[in-house]
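Input: a single structure, listed below in structure tokens.
In the numbering used here, the protein residues as written are 51 to 102.
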């Protein structure tokens with residue numbers, strides 16, 4: 051099977067590039083944000099009903 055380039059050149063750019071630390075996320079994922087808003091809006095305002 052033929053290759054697309056010389057194997058001696060493989061990975062040279064990636065190895066020579068300096069490692070940069072990833073930035074932290076600023077916002078929550080939409081699913082988690084919506085869940086928190088739902089709990090705040092609906093579940094905390096509901097009154098528990100007792101069957102006595």
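Quick reminder that beta carbons are idealized off the backbone N, C-alpha and C, glycines included.
Around residue 77, the same chain offers 83 as residues with beta carbons nearer than 8 Å, after the five sequence neighbours per side are excluded. According to the DSSP assignment, residue 87 belongs to the alpha helix (DSSP H) that extends over 80-88. For residue 62, the three-state secondary structure derived from DSSP is helix. Taken atom to atom, the span from the alpha-carbon of residue 67 to that of residue 55 is near 20 Å.
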